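K.L.:
Below you'll find the structure I mean.
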Amino acid sequence: MVDKMREIKYLLSMKQEFSIRQNQQLVLNMAMRQALHVLTLPALELQQWLLQQIEENPLLEIEEGSAPPPQLGEIPEQKSFFRHLMDQVPLHFSSIEEREIAHWIIGNLDERGFFERPEKPSSFFLGVLEKVQGLDPPGVAAKDLRESLLIQLKVQGKENSPAYALIRDQFEAILQGSRPELLKSLRSEIASLNFHLGSNFSTSLIKPIKPDLMIRNSPVGWHIEVESDQLPTFTFVQSYLDLLENGQITKEEKSFIRTHIATGKWLKRALNHRKKQLISIGEYLTKRQPQCFSGEPPKPLTFQKAARELGIHPSTMTRATQDKYCLCDAGILPLKAFFSRQLQEESSTEMAKALLKKLIASEDHHSPLSDQSLSKEIHTQGIPCARRTVTKYRQALKIPSAKERRVN
7 MVDKMREIKY LLSMKQEFSI RQNQQLVLNM AMRQALHVLT LPALELQQWL
57 LQQIEENPLL EIEEGSAPPP QLGEIPEQKS FFRHLMDQVP LHFSSIEERE
107 IAHWIIGNLD ERGFFERPEK PSSFFLGVLE KVQGLDPPGV AAKDLRESLL
157 IQLKVQGKEN SPAYALIRDQ FEAILQGSRP ELLKSLRSEI ASLNFHLGSN
207 FSTSLIKPIK PDLMIRNSPV GWHIEVESDQ LPTFTFVQSY LDLLENGQIT
257 KEEKSFIRTH IATGKWLKRA LNHRKKQLIS IGEYLTKRQP QCFSGEPPKP
307 LTFQKAAREL GIHPSTMTRA TQDKYCLCDA GILPLKAFFS RQLQEESSTE
357 MAKALLKKLI ASEDHHSPLS DQSLSKEIHT QGIPCARRTV TKYRQALKIP
407 SAKERRVN
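Counting along the sequence shown from 1, when you hit position 9 you're at 15 in my numbering, and nothing is skipped either side.
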């Protein structure tokens, strides 16, 4: 009988221990899922989600002077001009590098839809810019209103029209109203042009994007910061902590308070984990892709390779960069712009050489491609390859220059 009682007590203790372990594992799994979810959220969504978590946890309160809640009206429900343009990129740009440059251009449009060109842009960059200017609505990414109107007329096939010549040569006179007779004769044609590119969209060019990372280069080195100004900071409600320490409360009430304290602590850890991961990725990119922060195209780099070198799982790398943006000297760039999904660094040289041979084999022998033209063609396939590099590869393959290849 005594042995039986001991067996029952043992089984009960085992059951209790299993229940405790099961609850601990459940809490741990929930915390891990929360950390992954926090890592995935971009800045604006994280702000809203965090406010909801604080509201649902009675033991948490926003610290005085912390960031105010966002105004719901600031986030557009209708499709924005920015999103309308971004959605067109996959349809009009085939290579990864073209898409990355197109994203960068669209992300740096001003409130009117105009674009300030960088100094000494490459011919490849200008080619992408011209294609962006032909997106819907035509004339976007022009340097000013005059160029925008000229682009619109060009798209309509009216490059030789009187309206085109008038805007090209006498635009200031039109604005000042000093040539009313010319304007009157072409009024219907000019009236059909779009003077306000984002007028058909809910918020014009106000983009619901907030950079998650800010990266600047200075004389003393790189400065990396995670954008947290708009994230509310929170603390535990002191009265509940006092109850737990000194109050006469039931076991259920103690359990309630402790559970919500644990939830708040895990929330802080998840936010800190997100911050550390983003800073780690930012530091990595300044070493592997420093040229991107001044507007140059990225070198071949995959998520898998970056994850391996950072010592994290590729899925974590994907979550940490998904829908995230970086503010740098080149503007606001999506973090995915620093990566190439299709190219491995080790094989890019051989791929470029193989493509070089293919292009030369299929060229017009009466008008062979120059090294500059070959560089541009290779770029369109998503492989960064400067003219000097093309010359080096061509010489290594013992292929003559364009002049020597020409057949009269």
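Cβ atoms here follow ideal geometry from the backbone N, Cα and C, with glycine treated the same way.
Here the structure is a predicted model, which means the values were calculated and not measured.
Let's see if you can read the secondary structure: which residues bound the beta strand (DSSP E) around F240?
P.N.:
By one-based count along the sequence shown, residue 240 stands at place 234. It spans F240 to F242 - the beta strand (DSSP E) in which F240 sits, taken as one unbroken run.
K.L.:
If you draw a straight line from the C-alpha of H371 to the C-alpha of P144, how long is it?
P.N.:
The sequence position of residue 371 within the sequence shown is 365, counting from 1. The sequence position of residue 144 within the sequence shown is 138, counting from 1. Each residue's alpha carbon lies about 37 Å from the other.
K.L.:
What three-state label does DSSP hand V95 in the structure shown?
P.N.:
As a first step, residue 95 must be located in the sequence shown, where it is residue number 89. Here V95 sits in helix by DSSP.
K.L.:
Alpha helix (DSSP H) containing E165: first to last residue?
P.N.:
As a working mapping, residue 165 is identified with position 159 in the sequence shown. Neither: E165 is in no alpha helix (DSSP H) and is coded neither H nor E.
K.L.:
Helix, strand or coil: how does DSSP classify C391 here?
P.N.:
Walking along the sequence shown from the start, residue 391 turns up at place 385. C391 falls in the coil class under three-state DSSP.
K.L.:
Would P306 be called buried (16 or more neighbouring beta carbons within 10 Å of its own) or exposed?
P.N.:
Numbered from 1 along the sequence shown, position 300 holds the residue referred to as residue 306. So P306 ends up on the buried side.
K.L.:
Output needed for T46: all residues of its chain with C-beta closer than 7 Å, excluding positions within five of it in sequence on either side, in chain order.
P.N.:
Locating residue 46 in the sequence shown gives position 40, where the first residue counts as 1. R325 and Q328.
K.L.:
Does the beta-carbon distance from L482 to F121 come in below 9 Å?
P.N.:
Not covered by the structure: residue 482. The range shown for the chain is 7 to 414.
K.L.:
What residues in its chain sit with their C-beta under 6 Å from that of V396, if we drop five residues either side in the sequence?
P.N.:
As a position in the sequence shown, residue 396 is number 390, starting the count at 1. Same-chain partners within the cutoff: D377, L380 and S381.
K.L.:
Inspect the beta-carbon positions of H266 and L56 and report whether they are closer than 9 Å.
P.N.:
Start at 1 with the first residue of the sequence shown, and residue 266 comes out as number 260. Start at 1 with the first residue of the sequence shown, and residue 56 comes out as number 50. In this structure, L56 does not lie closer than 9 Å to H266 by Cβ.
K.L.:
What span of residues does the alpha helix (DSSP H) with E289 cover, start to end?
P.N.:
Along the sequence shown, read from residue 1 onward, the residue named residue 289 stands at position 283. E289 -> alpha helix (DSSP H) spans K257 to R294.
K.L.:
Of all the alpha helix (DSSP H) runs that stay within the bounds of the segment 100-157, which reach a length of 4 or more residues?
P.N.:
Whole alpha helix (DSSP H) segments, 4+ residues: 102-113 and 129-139.
K.L.:
Going by DSSP, what residues sit across from L307 in a beta bridge?
P.N.:
Locating residue 307 in the sequence shown gives position 301, where the first residue counts as 1. The partner list for L307 (beta bridge, DSSP) is empty, contrary to what the question assumes.
K.L.:
Does DSSP put N252 in a helix, a strand or coil?
P.N.:
Here residue 252 refers to the residue found at position 246 when the sequence shown is read from its first residue. Helix at N252.
K.L.:
Taking only the alpha-carbon atoms, compute the straight-line gap between S407 and E315 and give it to the nearest angstrom.
P.N.:
Your numbering for residue 407 matches position 401 in the sequence shown. Your numbering for residue 315 matches position 309 in the sequence shown. Rounded to whole angstroms, S407 to E315 spans 40 Å at the Cα level.
K.L.:
So, for T241: in the same chain, excluding its five sequence neighbours on each side, which residues have a beta-carbon less than 7 Å away from its beta-carbon?
P.N.:
Along the sequence shown, one-based indexing puts residue 241 at 235. Counting only Cβ-Cβ distances below 7 Å, and skipping sequence neighbours, we find E67 and E69.
K.L.:
Which whole-angstrom value is the C-beta distance of P217 and L333, which I expect to be below 8 Å?
P.N.:
Start at 1 with the first residue of the sequence shown, and residue 217 comes out as number 211. Start at 1 with the first residue of the sequence shown, and residue 333 comes out as number 327. With a Cβ gap of about 4 Å, P217 and L333 count as contacting.
K.L.:
In its own chain, which residues sit with a C-beta less than 7 Å from the C-beta of D142, not counting the 5 before and 5 after it?
P.N.:
Within the sequence shown, the letter at position 136 stands for residue 142. Result list for D142: Q94, in chain order.
K.L.:
Look at I287 and L339 and say whether their C-beta atoms are less than 9 Å apart.
P.N.:
Along the sequence shown, read from residue 1 onward, the residue named residue 287 stands at position 281. Along the sequence shown, read from residue 1 onward, the residue named residue 339 stands at position 333. No, the Cβ-Cβ distance between I287 and L339 is not below 9 Å.
K.L.:
Which residues in the same chain as P320 place their Cβ atom closer than 7 Å to its Cβ, once the five residues preceding and following it in sequence are excluded?
P.N.:
Your numbering for residue 320 matches position 314 in the sequence shown. Same-chain partners within the cutoff: F309, Q310 and A313.
K.L.:
Near S154, which residues of its chain fall below 6 Å by C-beta distance, leaving aside the five closest residues on each side in sequence?
P.N.:
As a working note, residue 154 is residue 148 in the sequence shown. Hits under 6 Å: G145 and A148.
K.L.:
Report buried or exposed for F299, applying the criterion of at least 16 other Cβ atoms within 10 angstroms of its Cβ.
P.N.:
As a working mapping, residue 299 is identified with position 293 in the sequence shown. Buried.
K.L.:
From the DSSP output, in three-state form, read off S407 for me.
P.N.:
Here residue 407 is taken as the residue at index 401 of the sequence shown, counted from 1. Three-state DSSP puts S407 in coil, outside helix and strand.
K.L.:
Who are the Cβ neighbours of K260 in its own chain at under 7 Å, not counting the five residues just before and after it?
P.N.:
Here the question's residue 260 lines up with position 254 in the sequence shown. These residues qualify, in order along the chain: L250.
K.L.:
According to DSSP, is V413 helix, strand or coil?
P.N.:
Counting from 1 along the sequence shown, the entry for residue 413 is found at position 407. Here V413 sits in coil by DSSP.
K.L.:
Tell whether a beta-carbon distance below 9 Å holds between K137 and H98.
P.N.:
Here residue 137 refers to the residue found at position 131 when the sequence shown is read from its first residue. Here residue 98 refers to the residue found at position 92 when the sequence shown is read from its first residue. The answer is yes: Cβ separation under 9 Å.
K.L.:
Determine the extent of the beta strand (DSSP E) in which L333 is found, giving its start and end residues.
P.N.:
Mapped onto the sequence shown, residue 333 falls at position 327. Looking at the DSSP string, the run of the beta strand (DSSP E) that includes L333 is Y331 to C334.
K.L.:
Need the endpoints of the alpha helix (DSSP H) that I60 sits in, please.
P.N.:
Here the question's residue 60 lines up with position 54 in the sequence shown. Start and end: A49 to E62.
K.L.:
Output the distance between the C-alpha atoms of Q139 and Q162, rounded to the nearest integer angstrom.
P.N.:
Along the sequence shown, one-based indexing puts residue 139 at 133. Along the sequence shown, one-based indexing puts residue 162 at 156. Cα to Cα, the separation comes out at about 13 Å.
K.L.:
Run through DSSP, which three-state label would V232 get?
P.N.:
The residue you call residue 232 lines up with position 226 of the sequence shown. Note: V232 maps to strand in three-state DSSP.
K.L.:
Would you call S86 buried or exposed, if buried means 16 or more other Cβ atoms sit within 10 Å of its Cβ?
P.N.:
Against the sequence shown, residue 86 aligns to sequence position 80. Looking at its Cβ environment, which holds 16 or more other Cβ atoms inside 10 Å, S86 is buried.
K.L.:
Could you tell me how far apart the beta carbons of R174 and L156 are, in whole angstroms, since I believe they sit closer than 8 Å?
P.N.:
Start at 1 with the first residue of the sequence shown, and residue 174 comes out as number 168. Start at 1 with the first residue of the sequence shown, and residue 156 comes out as number 150. The pair is a contact, with the Cβ atoms about 6 Å apart (cut-off 8 Å).
K.L.:
Excluding the five sequence neighbours on either side, which residues of its own chain have a C-beta within less than 6 Å of the C-beta of A49, listed in chain order?
P.N.:
Against the sequence shown, residue 49 aligns to sequence position 43. Contacts found: K216, D218 and E233.
K.L.:
Could you check what DSSP says for I318 in three-state terms: helix, strand or coil?
P.N.:
Counted from its first residue, the sequence shown places residue 318 at position 312. Correct three-state label for I318: coil.
K.L.:
Please report the distance separating the alpha-carbon of Q283 from that of S129.
P.N.:
Locating residue 283 in the sequence shown gives position 277, counting from the first residue. Locating residue 129 in the sequence shown gives position 123, counting from the first residue. Whole-angstrom Cα-Cα distance: 36 Å.
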